[in-house]
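Protein chains: 2
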Amino acid sequence: MLTAELGVTRATAGAVAAELAALGLITVDSRPAAAGHQGRPSHGLSVNPAGPVVLAAQVHADGFRAALVGLGGRIVATAPGCGTVPADPAHVLAAVVEEGAKLLRATGRRCVGAGLAVPSAVAEPDGEALNPLHLAWPAGAPVRRIFRDCLTDSGIDFAVPPRAFTGNDVNLAALAEHRHGAGRGSAHLLCVATGHRGVGGALVLDGRLHTGSAGLALEVGHLTVNPDEGLPCHCGSRGCLDVETDPLALLTAAGRAPGPEVSLLQQARDLVRDEYADPAVATAVALVADRLGLGLAGLVNILNPDRIILGGLHQVLLAAAPERLRAVVADRSLWGRSGGVPVLECTLDHNSLVGAAELAWQPVLDDPLGVLEP
Amino acid sequence: MLTAELGVTRATAGAVAAELAALGLITVDSRPAAAGHQGRPSHGLSVNPAGPVVLAAQVHADGFRAALVGLGGRIVATAPGCGTVPADPAHVLAAVVEEGAKLLRATGRRCVGAGLAVPSAVAEPDGEALNPLHLAWPAGAPVRRIFRDCLTDSGIDFAVPPRAFTGNDVNLAALAEHRHGAGRGSAHLLCVATGHRGVGGALVLDGRLHTGSAGLALEVGHLTVNPDEGLPCHCGSRGCLDVETDPLALLTAAGRAPGPEVSLLQQARDLVRDEYADPAVATAVALVADRLGLGLAGLVNILNPDRIILGGLHQVLLAAAPERLRAVVADRSLWGRSGGVPVLECTLDHNSLVGAAELAWQPVLDDPLGVLEP
DNA sequence: CGTATTTTGTTTAGCGTCGGCACAAAGACA
DNA sequence: TGTCTTTGTGCCGACGCTAAACAAAATACG
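Shown next as structure tokens:
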């Protein structure tokens, strides 16, 4: 077991592994993992493919999604959910939990917790959704508490009590990418992404999400990135990152009228994918990428991350114009020139969902015996 | 001993106190501290007034300063130092250390470490001064190593080896204010200050300085706060916080030509103190305060601090126009309206110096027995 | 003024965690 | 086949802390 390289002796590593195996979380392979070099080979440790799961869910402007996620961020089963979101959070979350319960019945897996990603800043202690601007929810709705009540009423057989967690979607995406995706190994990870609407940011410091003193940190949407001729923003200013780099901004810059059929994000994605040869589209991408680069440079000056990962439309922009975007970030950040910050794309599918699952897994990882008794 | 309220039992608190007293760091008063209420009174614990000290120093554009600082941030002795700073860091630091050695000889105190504050971002591992723009030093000079070498050569009798620490002046000011000043008790403290030149920021998270992945965080000087008619900045942009809210900006806005006799900061201070009744001065203060408020609001949206403290000229602006500045911060930050962030003045004299001392005290606090044997 | 009560300091015993060590096991190499 | 190298596992002891019991020093009350 190479685990001795985690600053822990073989003795303790073995004890921990035995404990986790006894709880059914991991399996110890009889077949050694890596052979080839001298000495007794290490045991291979792998996540128990029949082990417990958590219920992960995401609500966004265009619908919701539920899934079962195993230890290590592997999605075991998914239910797409419906495409509209009622204005009453309790109704939505009841439907979400119902989908999850169906998945649990279908798979027969044991559920040890639940996590929910929402497109809003989230505050403790009740997981209040502070600004669900893109849902029709009331501001301040205690989403975590509602979610927990839905879980309690669902009849799902939890390891008591039902542990429910809630977080902002971009924050959770960053957490997932840090553990299993493009952010692995980063100590100061900055994630910026367009969700289905608007722009969000997240910061993972030493493996832990930085959400600020009240869960309101990294509201990066209102950095000024186009002071000269910026569009007005609902915040009262103009030229904000939010309105200058979202899907609508790209469509407008390319001279396209948005259609009502699919989400704006999808329309913008399709535009870049299918019509990048069109000079108007390429120009629009360059323009919006420049604005994004300016915003990222400002964040670099304030936060000094060691890596930036981009999601949503921002990821598309990076893929379409990587040199240009990276050059702007380097030129406009004071320290980009000396070394510079890697700017990467997100690599996980459904990273908000996986992040919500990580939230739910956390207490199990912190204290396995406290959560799983039998 | 009320120390039992730190999540530790009376037994351990007593053991720790006894250890610290044995090392000469604190004294246990025979006279009880607080009487009046029932029960056996607690022992009063106070910093040993004859205990060891650290050597703290600050270099800035207009000179340097050395001091001896006891445990708890009390300045024991100060030497003003000279008013000019040579271009060679080794010369400056040799002079600084010489002043410190004089103080040590004069007071007969034991020295257990040394800390230095410089007006530049500082990187590990050698304490490189990355951008000593306002000193004539070469960028990247390994200040911490030079400082340590000067200490070694000084003949000062250290607890071996001479432990030298270096940090950015505003960062260290924030650290000092967090421990002994206006930032006490804050978990997410943001500090913004004009040094003798330019604008700096610092963030103290859960009691620890956040300096970013390479010591470059909180370079807040280049937030855009005057997009419409801003002054050009050496960073290539215009309307930056750095050029819009520094002492020169205030003097210019008030229509005064800066004189060469005293520092710009002092001239700006004097202007506000002596001529605030002049409508031109009051208008200039309001204008610069608005710009500062806009910058602070941007930082609030990104960092979500639970408290902001201001130093240097910014502190003067807050004192002169508190309602106006606080209103701008609240109005322009997305969450200021609901609750809002307290904006306060720094309260410590020589806070950078005290912060440098805190840096030097840290290893003693972490492991008293490891540093102080006899 | 003497006793009871309250609060804190101090000592002791106990527990849990972790590192170090010794020994066993399992493959590689000669 | 025998030795070497590396890892798993069990045992012991050091360390840090908590809890509990006792002593001490003040206030409150009769």
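Residue numbers (this note's numbering), protein chains in the order written: chain P, 1 to 374; chain C, 1 to 374. Yeah, the Cβ is synthetic: ideal placement off N, Cα and C, and Gly gets one too.
query, result
"Could you give the first and the last residue of the continuous alpha helix (DSSP H) run that contains Ala-286 (chain C)?", "279-303"
"Output yes or no for whether 9 angstroms exceeds the beta carbon distance between Gly-127 (chain C) and Val-170 (chain C).", "no"
"Report the neighbours of Ser-213 (chain P) on chain C: residues whose CB is nearer than 7 angstroms to its CB, in chain order.", "Ala-187, His-188, Asn-304, Pro-305, Asp-306"
"Can you grab the Cα-Cα spacing for the pair Leu-133 (chain P) / Gly-113 (chain P), in whole Å?", "27 angstroms"
"For a cutoff of 9 angstroms on Cβ pairs, would you count Asn-171 (chain C) as touching chain P?", "no"
"List the residues of chain C whose Cβ lies closer than 8 angstroms to the Cβ of His-222 (chain P), in chain order.", "Gly-298, Asn-301, Leu-334"
"Classify Ala-283 (chain P) as buried or exposed, calling it buried when 16 or more other Cβ atoms lie within 10 Å of its own Cβ.", "In the sequence on display, residue 283 (chain P) carries Thr and not Ala. So Thr-283 (chain P) counts as exposed."
"For Asn-171 (chain C), which of helix, strand or coil comes out of DSSP?", "helix"
"Let's see if you can read the secondary structure: which residues bound the beta strand (DSSP E) around Ile-26 (chain P)?", "26-29"
"Helix, strand or coil for Gln-58 (chain P), going by three-state DSSP, please let me know.", "strand"
"Apart from the five residues just before and just after Arg-208 (chain C), which ones in its own chain have a Cβ nearer than 8 angstroms to its Cβ?", "none"
"So, does the region 267-274 of chain C touch the region 290-303 of chain C, judging by three or more C-beta pairs under 8 angstroms?", "no"
"Taking only the alpha-carbon atoms, compute the straight-line gap between Leu-223 (chain C) and Glu-244 (chain C) and give it to the nearest angstrom.", "10 angstroms"
"Alpha carbon to alpha carbon, what distance is there between Leu-103 (chain P) and Phe-64 (chain P)?", "15 angstroms"
"For the beta strand (DSSP E) that His-188 (chain P) lies in, which residues bound it at each end?", "188-194"
"Looking at Val-354 (chain P) and Leu-116 (chain P), is the spacing between their C-beta atoms short of 9 angstroms?", "no"
"List the residues of chain C that Cys-235 (chain P) touches, going by C-beta distances under 7 angstroms, in chain order.", "Leu-334"
"So who's on the other strand from His-210 (chain P), going by DSSP bridges?", "P:Leu-203"
"At 7 angstroms on the CB atoms, spell out the chain C contacts of Leu-216 (chain P), in chain order.", "Asn-304, Trp-335"
"Under 9 angstroms Cβ-Cβ, which residues of chain P neighbour Pro-260 (chain C)?", "Here the premise fails: no neighbours, minimum Cβ distance about 29 angstroms."
"Would you say Leu-317 (chain C) touches the ligand MN, meaning its beta carbon is less than 8 angstroms from a heavy atom?", "With respect to small molecules bound, the structure shown includes none, and the ligand MN cannot be examined in it."
"Residues of chain P with CB under 8 angstroms from Glu-219 (chain C), in chain order?", "Asn-301, Ile-302, Asn-304, Leu-334, Trp-335"
"Is DSSP giving Cys-233 (chain P) helix, strand or coil here?", "coil"
"When the Cα atoms are used, what is the spatial distance from Leu-359 (chain P) to Leu-45 (chain P)?", "23 angstroms"
"Comparing C-alpha positions only, which one of C:Ala-141, C:Arg-238, C:Leu-151 sits nearest to Pro-227 (chain C)?", "C:Arg-238"
"Shorter than 9 angstroms from the beta carbon of Leu-205 (chain C) to some beta carbon of chain P?", "yes"
"Figure out for me which residue from P:Ile-146, P:Val-122, P:Leu-130 has the closest Cα to the Cα of Ala-139 (chain P).", "P:Leu-130"
"Entirely within the region 43-92 of chain P and at least 3 residues each: give me those beta strand (DSSP E) ranges in chain order.", "44-47, 53-60, 63-70, 75-79"
"Just to confirm, are Leu-6 (chain C) and Ala-17 (chain C) a CB contact at a threshold of 9 angstroms?", "no"
"In the DSSP assignment, what are the bridge partners of Thr-166 (chain P)?", "P:Leu-116"
"Thinking just about the alpha-carbon of each residue, which of P:Thr-152, P:Pro-258, P:Thr-194 is nearest to the one in Gly-221 (chain P)?", "P:Thr-194"
"Using a Cβ-Cβ distance cut-off of 9 angstroms, determine whether His-314 (chain C) contacts chain P.", "no"
"Against chain C, which members of the region 132-148 of chain P pass a CB distance test of less than 8 angstroms?", "none"
"Are the C-beta atoms of His-210 (chain P) and some chain C residue less than 9 angstroms apart?", "yes"
"List the residues of chain P that Pro-342 (chain C) touches, going by C-beta distances under 9 angstroms, in chain order.", "Residues of chain P passing the Cβ test: none, with the nearest at roughly 11 angstroms."
"Can you tell me the Cβ-Cβ gap for Leu-241 (chain P) and Gly-295 (chain P), rounded? I've got them flagged as a contact below 8 angstroms.", "4 angstroms"
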